[in-house]
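Residue numbers (the working numbering): 312 to 436.
The C-beta atom is built at its ideal place from N, Cα and C for all residues, glycine as well.
What follows is a single structure, written as structure tokens, with notes after it.
Here it is, written out as structure tokens:
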């Protein structure tokens, strides 16, 4: 019990290791916070670099797609759907589990991972 209290007191006076989220994408109500950051009164830590092989948002390159539909057949979450009329796929980000099966199976590399990881949004899609 005593060691936990010691640790709590140390943490109270230590500099934070992380940034307040979302400092870069803050809503308008956080304008005071952003003013402090810009003026230098509040310091933020530099972002951590994304590691090699990171599986972020999937990017679909329409020009490369040949319509083989391998990605739609292999996707375990049904996040990739082929649209007959447009002869292209529709990627549903909210269903995706980022397993990478669709990226691996694509013979022409029309699907690829990006380094985007801030995917939270107010919209359903």
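- In this structure the region 369-377 lies against the region 402-421, because at least three pairs of beta carbons, one per stretch, are closer than 8 Å.
- With contacts defined as CB atoms closer than 8 Å, residue 414 and residue 385 fail to qualify as a contacting pair.
- From the listed residues 431, 315, 426, the smallest Cα separation to residue 360 is found for 426.
- Its Cα nearest to that of residue 399, the residue 391 stands out among 391, 406, 405.
- By the beta-carbon neighbour count (other beta carbons within 10 angstroms, threshold 16), residue 412 is buried.
- Boundaries of the alpha helix (DSSP H) around residue 317: 313-324.
- Excluding five sequence positions before and after residue 365, the CB atoms of its chain that fall closer than 8 Å to its own CB belong to 424, 426, 428, given in chain order.
- Ranked by how close their Cα comes to the Cα of residue 369, the residues 407, 321, 317 have 407 in first place.
- Per DSSP, reduced to three states, the secondary structure at residue 415 is helical.
- Per DSSP, residue 422 is one residue of the beta strand (DSSP E) stretching across 422-424.
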